[in-house]
Amino acid sequence: MFPVSRFLSIDAATTPSFTPNGGLVYLRDTTGTPQAWYRADAASDPQRLTAESERFSTVVASPTSEEFVFGMDAGSDERDQLFRYNLDTGEQHTLTDDLSSIHLWGGWSPDGDRIAFTANRRDPQTFDVYVQERLGDPDSATLVREGDGGFLSIEGWSPDGNRLLATKARSSNAQDVFVISIADGTQTKLNRDDTTRYESAMFGPNGAIYCLTDEPSDTLVLARMDPDTGQVATVVDGGDWNVDGFDLDRSTGTIAYTRNVDGYSTLHLGRLSGDGTTVAVTAEPALEEAVIESVTVSNGGERYAIAHSSRSTPHNIAVGPTDADDGESERPKPYVPVGTLGIPEERFRSPETIRYETFDGRDISAYWTLPADASTGETPVIVDIHGGPHHQRRPWFYPIGQYFLQQGYAIFEPNVRGSSGYGTAYTRLDDVDRRLDSVRDIRAAVEWLAEQPAVDSDRIVAYGRSYGGFMVLSAISRYPDLWRAAVEFVGIADFETFLENTGEWRRSHREAEYGSLDTDRDVLQEISPIHDVAAIDCPLFIQHGANDPRVPVGETEQIAEALRSRDVPVETLIFEDEGHHTTDRSNLIEEFEQVAGFLDRHVQ
30 MFPVSRFLSI DAATTPSFTP NGGLVYLRDT TGTPQAWYRA DAASDPQRLT
80 AESERFSTVV ASPTSEEFVF GMDAGSDERD QLFRYNLDTG EQHTLTDDLS
130 SIHLWGGWSP DGDRIAFTAN RRDPQTFDVY VQERLGDPDS ATLVREGDGG
180 FLSIEGWSPD GNRLLATKAR SSNAQDVFVI SIADGTQTKL NRDDTTRYES
230 AMFGPNGAIY CLTDEPSDTL VLARMDPDTG QVATVVDGGD WNVDGFDLDR
280 STGTIAYTRN VDGYSTLHLG RLSGDGTTVA VTAEPALEEA VIESVTVSNG
330 GERYAIAHSS RSTPHNIAVG PTDADDGESE RPKPYVPVGT LGIPEERFRS
380 PETIRYETFD GRDISAYWTL PADASTGETP VIVDIHGGPH HQRRPWFYPI
430 GQYFLQQGYA IFEPNVRGSS GYGTAYTRLD DVDRRLDSVR DIRAAVEWLA
480 EQPAVDSDRI VAYGRSYGGF MVLSAISRYP DLWRAAVEFV GIADFETFLE
530 NTGEWRRSHR EAEYGSLDTD RDVLQEISPI HDVAAIDCPL FIQHGANDPR
580 VPVGETEQIA EALRSRDVPV ETLIFEDEGH HTTDRSNLIE EFEQVAGFLD
630 RHVQ
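So the sequence shown is numbered by our numbering: it starts at 30 and just counts up by one.
Following this line, the structure appears as C-alpha cells:
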C-alpha cells in the first residue's frame, strides 16, 4: 500500500509554449508548486528556470525573442502579477506590482514589443484593458479602454498589431466578442446573439477571427467570424461532440484541433484553405484513451505540442510534427515525460463509461471504477461530483482517486445535467429554478449504485469541490438517508451570502446561472443547503482556503457552526495561505491525509 503523499507527489507538466528558436517553456510542479521550466530541443535536458515559493498560473513565450511572460499570485489569492523572463540571460523583470489587483494575461503583440492584459486596478468590479512595452516598468502601462463592469479578457492581437480581440462573460454559457482599437479605445461588438458561447477566440490569417462557438448548433464547432460584420460560418463540425480546443499558425494556416468524445480526446492536424473557410485534415494521431488539456502549434507550423494525461499516465507534454500527409501519424513523442514515483502502472485503475437513467427518463453519463478484488456487497463508494457547475468530469490523471481505489473504495463520477461536453441544451438544464434537478440526478446515481453487485449501499460517501461542494451539501440535506459520510471542499452553503461576498467581477455571470440577488431571492433561498441543515445527520469533512476570492470562507464557517450546534460530527481544515484551490503540495498532502483519516473513522 502506498501512502497518500506518494500519489500526490507525482509531478504534473502543463501549459506548453514554443519559443521562436523551437524550444519549449512549460509549467511543472516538481518543487511542490508550478514553476517555469524549459527544454531547448529533444537532445537537451529539461531545465527548471524559477524557484519562487508561489504558484505560476501561466507561461507564454514571445513570438519573436527568447523570453516569456509568466503570471504568479500570492497565497493562491488569484491576484496575479506579470513577469518577463529572458531565456538568454536568466534575468527576471517585474511588469506589474499592484498586489491588490488581478492581472489577466492577454497576449504578446505580433512584433513581440508589447503585451496586453486586463486588470481591475481602477475599480474592483471592472476589468480594464492595458497595453505595456515589454521593457516597461510596472507604472508604465497605458489604459486603452475602461471596462463596462464584469469579467473582460483579452484573447489576442490582430496581425497588424493595431487591434485587440476581447471577450466578456455573460455567463458560463455565453460571451460577447469585441474588437478594440489600441489607438483610441473604440470598441466594436461582433456577436449578434447574446446567449451564445464564443470561446478560445483568436485572429487568424487575413484578419479573420476563429473561435469555438455553439451559434449554429447544440455542440461547439470551430468557426470563422467576420471581423467587420460578426457573421459566423462553421469551419469544422465535431458532429455529436464538441470541438473543444485548437491552435493555428497564421503564417502557414497550419491547424491542430481536438474533439471531446464522451470525455476522451481525439486529435486532428490539418491546413486551412486559402480562403480560411475549411480545413483539410492531414493526420489524426492515435491516442490511447487520453484527455488533451491544451494544444499549441509552433511558429511556422512545423510542430505541435499537447498537454495530456489519462488515468494511468500523469499530466505530461508530448510533441509531434504537423507535416504528415498520409492520413496517419504515429503518436506524438513524450517531450516532458513524467513518472509515477515508482508506483507500477498496473496499479492505476481506468474507469468504465456507463449511463444511468434519472428521474425524468434522461440518461446521465458517468465514470465507474471498481477497486482491484472488489468483494460482492462489501465495496464502499465515493460519489465524486465535479464543480463548475458547467465543468465536465473527464478521465484524466487523478492521483487522489487512485489512492482511494487502493484503499478499497469504488469511485463513481457523474456528469449530471448542467455539465459541459454533452451539448448546450444539456448544460442549461440546471439554470436558476431548475438547480435542484441536478441534485435529483445524484439521487438517481445512488439508486443505480444500489443495483451493482459489489456495492455496499450502507457505505456511500458524497464528495465534491466548489460547486460540487454545494452538490454535496444539498445531497446530504435533501436525501440524508443515502449517505454514510460526506467530504466537501470550498462549497457553497448559502447562495445569497455567496453572491453577496464573491469577487464582484464574477457576480453578474454567476447570477445568470444561479439567480439574481435583485429578483430571485426566493429561488436562492430554496436551493441553499443552509436552510435544510437540520436534515443533515452524517459526518462531514470541510476544507477551505482563507484567501478564496470565489467562494468566501464564510460559507464553510456558517455550515460548520450550524452542524456543531446540533452535535453532528464535522471536521474543518482551513488553510490561511490558500485560496479556492490548494496549490502547495505540502498543504495538499496534509489535506488528504486528514480526509483519509476521516473516512477511515466513519466509513471503513
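Cβ coordinates follow ideal geometry from the N, Cα and C atoms, glycine included.
Check, Outcome
"Reference Glu331; option with closest CA among His337, Pro350, Ile346", "Pro350"
"Rounded C-alpha distance that separates Gly236 from Pro256", "7 Å"
"Candidates Ala491, Thr311, Arg630, Val552: closest to Asp462 by CA position", "Val552"
"Beta-carbon gap between Gly190 and Ser138 smaller than 8 Å", "yes"
"Beta-carbon contacts of Leu37 that lie in its chain and below 7 Å, excluding the five residues immediately before and after", "Pro428, Ile429, Arg614, Leu617, Ile618, Phe621"
"Contact with chain B by His538, beta-carbon distance below 8 Å", "Any reference to chain B falls outside this structure, which holds one protein chain only."
"Buried versus exposed, by CB contacts within 10 Å (16 or more), Ser557", "buried"
"Ile571 and Val599 closer than 8 Å at C-beta", "yes"
"Span separating the alpha-carbon of Thr612 from that of Glu586", "21 Å"
"CB contact flag (Gly274, Val250, <8 Å)", "no"
"Spatial distance of Leu277 from Ala483 (CA atoms)", "48 Å"
"Per DSSP, cross-strand counterpart(s) of Trp186", "Leu193"
"Which listed residue (Gly141, His132, Ile471) has its alpha carbon closest to that of Asp389", "Ile471"
"Ser503 to Ile414 span [Cα, whole Å]", "12 Å"
"Beta-carbon separation (whole angstroms), Gly179 vs Lys197, contact threshold 8 Å", "6 Å"
"Residues near Ser410 in its chain [Cβ-Cβ closer than 6 Å; skip 5 each side]", "According to the sequence as given, residue 410 is Val; it is not Ser. Excluding residues within five positions, the ones whose Cβ falls inside 6 Å are Ala439, Phe441, Leu478, Val484, Ile489."
"Residues that DSSP places opposite Cys240 in a beta bridge", "Ala252"
"Candidates Thr258, Thr248, Arg253, Thr283, of which the one nearest Val272 by Cα", "Thr248"
"Spatial distance of Tyr333 from Tyr227 (CA atoms)", "24 Å"
"C-alpha distance - Gly356 paired with Asp269, whole-angstrom precision", "Reliability of the predicted coordinates at Gly356 is poor, the pLDDT of 46 falling under 50, and the value obtained from them is presented with this limitation in mind. Looking at the two C-alpha atoms, the distance is approximately 22 Å."
"Under the three-state DSSP convention, the category Gly356 falls into", "With a pLDDT of only 46 at Gly356, under the threshold of 50, the placement of this residue in the model should not be trusted, and no figure is reported."
"The segment 394-410 touching the segment 297-316, judged by at least three CB pairs closer than 8 Å", "no"
"Residue span of the alpha helix (DSSP H) that contains Gly626, given as start and end", "614-631"
"Stretch-stretch touch, CB-based, cutoff 8 Å, three pairs: the segment 451-468 with the segment 56-72", "no"
"Through-space distance from Tyr67 to Pro10, alpha-carbon basis", "This structure leaves residue 10 out entirely; the chain is present only between 30 and 633."
"N-terminal and C-terminal residue of the beta strand (DSSP E) that Met101 is part of", "96-101"
"Given Thr242 as reference, the closest of Gly233, Ser229, Pro234 once Cα atoms are compared", "Ser229"
"Nearest-angstrom beta carbon gap, Ala148 and Phe156 [assumed within contact, 8 Å]", "6 Å"
"CA nearest to the CA of Val324, picked from Glu313, Leu296, Thr342", "Leu296"
"Span separating the alpha-carbon of Leu111 from that of Gly100", "5 Å"
"Helix, strand or coil at Ile565 according to DSSP, with G and I counted as helix", "coil"
"Inter-residue spacing [alpha-carbon to alpha-carbon] between Gly368 and Asp596", "45 Å"
"Reduced DSSP secondary structure (H/G/I, E/B, other) of Gly498", "helix"
"Own chain, CB closer than 7 Å to Arg536, minus 5 neighbours either side, in chain order", "Leu528"
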